[in-house]
């Protein structure tokens, strides 16, 4: 038994291809037979991935979902940022530069609004739940942007580790919600054109959530949403520990 | 030819990500600023330029297309390595701070869409 697990870990990436293939095959079946194709197979696969990660986390108490299970370590490579970003960039082939250029200014506006509104909403919730110091409030507001902005801001401001943990958790909740929610809400918010995808990416920010959500909605929209979303974390890391923190200090 | 496409993609990826990292350093923050976005722009511009010169082969496109089709499987793998347990066990504050901002931003979507130029 042990030599098999060693073998699977050694050939982790290949085994991850196999398991992901099985997850997707299984999800296609669910999509066709149980939902009559109404919920796309890709959306079900992504959801299944999250469910597996949840149970793996309960079982191993690790941080890396299914990759913490012996034999499944290859998922860390396949699902890691290198392959993710490489694949996102590849979707740009055939995307229209003209549309990106034309929607650019609105995309930038949506980026700023996305960071400021997420931050403000996070701060208000934290304040309503009894947190009152500027550093903690700013850190949780930053966590409401993405799970990278939260810890970067918290570390810069010297927030306590439990507040940083909450800010990471808030960012992960956001990313998961956007992943699952995007295909469901897309028809109601007019998310069907490249322009709307660029605005959506700017407002939501979470690159992984936006890209996964758009992939399940309409793969053609992925490059446009990812294009703006990729600037969000940087903008958040720039604004939260500086302008927005000073603003919090001024208000309190 | 197939690998030339993959290599072109890799070149755009490396150039874009390094630009993003450098921009982050330059701005004094510990984050990559728009690396993926720059890489995507490079790929679009490179493709246009090569097509103009007649140097862009169909097989090169296939090398890139393979990766764009691998995109969803990679996202499935990505979701299965998320720390989902922590997201659901860190209490109400984390849940609300993750959910409410998304709803607030979604409410803006129709307004911004109206401002967007039509094609």
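Protein chains in written order, with this note's numbering: chain A, 849 to 1100; chain B, 122 to 240. Ideal Cβ placement from N, Cα and C applies to all residues, glycine included.
Cβ pair residue i, residue j closer than 7 Å
| i | j | result |
| --- | --- | --- |
| residue 233 of chain B | residue 958 of chain A | yes |
| residue 951 of chain A | residue 1052 of chain A | no |
| residue 861 of chain A | residue 914 of chain A | no |
| residue 130 of chain B | residue 938 of chain A | yes |
| residue 177 of chain B | residue 934 of chain A | no |
| residue 972 of chain A | residue 1015 of chain A | no |
| residue 918 of chain A | residue 1001 of chain A | no |
| residue 237 of chain B | residue 1043 of chain A | yes |
| residue 927 of chain A | residue 199 of chain B | yes |
| residue 995 of chain A | residue 1092 of chain A | no |
| residue 941 of chain A | residue 185 of chain B | yes |
| residue 856 of chain A | residue 863 of chain A | yes |
| residue 1018 of chain A | residue 215 of chain B | yes |
| residue 181 of chain B | residue 125 of chain B | yes |
| residue 201 of chain B | residue 900 of chain A | yes |
| residue 1012 of chain A | residue 999 of chain A | yes |
| residue 1085 of chain A | residue 1021 of chain A | no |
| residue 894 of chain A | residue 223 of chain B | no |
| residue 969 of chain A | residue 1096 of chain A | no |
| residue 205 of chain B | residue 898 of chain A | yes |
| residue 149 of chain B | residue 137 of chain B | no |
| residue 230 of chain B | residue 1024 of chain A | no |
| residue 1099 of chain A | residue 225 of chain B | no |
The alpha helix (DSSP H) enclosing residue i, as first and last residue numbers
| i | result |
| --- | --- |
| residue 858 of chain A | 850 to 858 |
| residue 176 of chain B | No alpha helix (DSSP H) holds residue 176 of chain B; DSSP gives it neither H nor E. |
| residue 1097 of chain A | 1093 to 1099 |
| residue 1042 of chain A | 1042 to 1052 |
| residue 1068 of chain A | Segment: none, residue 1068 of chain A is in no alpha helix (DSSP H) and carries neither H nor E. |
| residue 991 of chain A | 982 to 991 |
| residue 844 of chain A | An answer regarding residue 844 of chain A cannot be provided, because it is not within the stretch 849 to 1100 covered by chain A. |
| residue 1036 of chain A | Segment: none, residue 1036 of chain A is in no alpha helix (DSSP H) and carries neither H nor E. |
| residue 1002 of chain A | 997 to 1005 |
| residue 130 of chain B | 123 to 147 |
Given residue i as reference, the closest of the options once Cα atoms are compared
| i | options | result |
| --- | --- | --- |
| residue 1071 of chain A | B/199, B/184, B/165, B/214 | B/165 |
| residue 992 of chain A | A/939, A/980, A/892, A/963 | A/963 |
| residue 140 of chain B | B/222, B/235, B/154, B/182 | B/154 |
| residue 976 of chain A | B/217, B/174, B/237, B/225 | B/217 |
| residue 1081 of chain A | B/142, B/185, B/122 | B/142 |
| residue 1050 of chain A | A/901, A/866, A/961 | A/961 |
| residue 948 of chain A | A/879, A/1075, A/1019 | A/1075 |
| residue 189 of chain B | A/1008, A/980, A/1063, A/894 | A/1063 |
| residue 1065 of chain A | A/865, A/1054, A/1032, A/1095 | A/1032 |
| residue 910 of chain A | B/157, B/235, B/207 | B/207 |
| residue 1079 of chain A | A/955, A/1096, A/1069 | A/955 |
| residue 1054 of chain A | A/1077, A/1069, A/1037, A/1040 | A/1077 |
| residue 158 of chain B | A/1099, A/1073, A/894, A/852 | A/1073 |
| residue 1178 of chain A | B/195, B/221, B/223, B/222 | Absent from the model: residue 1178 of chain A. The displayed extent of chain A is 849 to 1100, so no value can be given. |
| residue 891 of chain A | A/1003, A/1026, A/946 | A/1026 |
| residue 889 of chain A | A/868, A/1003, A/905, A/902 | A/868 |
| residue 932 of chain A | A/1059, A/850, A/1069, A/978 | A/1059 |
| residue 990 of chain A | A/1087, A/858, A/978 | A/1087 |
| residue 978 of chain A | B/213, B/183, B/132, B/219 | B/213 |
| residue 852 of chain A | A/912, A/920, A/877, A/880 | A/920 |
| residue 227 of chain B | A/878, A/879, A/1039 | A/1039 |
| residue 122 of chain B | B/187, B/183, B/235 | B/183 |
beta-carbon residue i near the ligand PLP non-hydrogen atom, thresh 6 Å
| i | result |
| --- | --- |
| residue 974 of chain A | The model depicted lacks the ligand PLP and carries no ligand whatsoever. |
Proximity test, Cβ basis, 7 Å: residue i and chain E
| i | result |
| --- | --- |
| residue 220 of chain B | The structure shown contains no chain E; its protein chains are A and B. |
Please give me, in chain order, every unbroken run of the alpha helix (DSSP H) with length at least 4 that falls completely inside the segment 898 to 943 of chain A. 923 to 926, 929 to 938
Quick one: which unbroken alpha helix (DSSP H) runs of 4-plus residues sit fully inside the segment 193 to 232 of chain B? Chain order, please. 205 to 210
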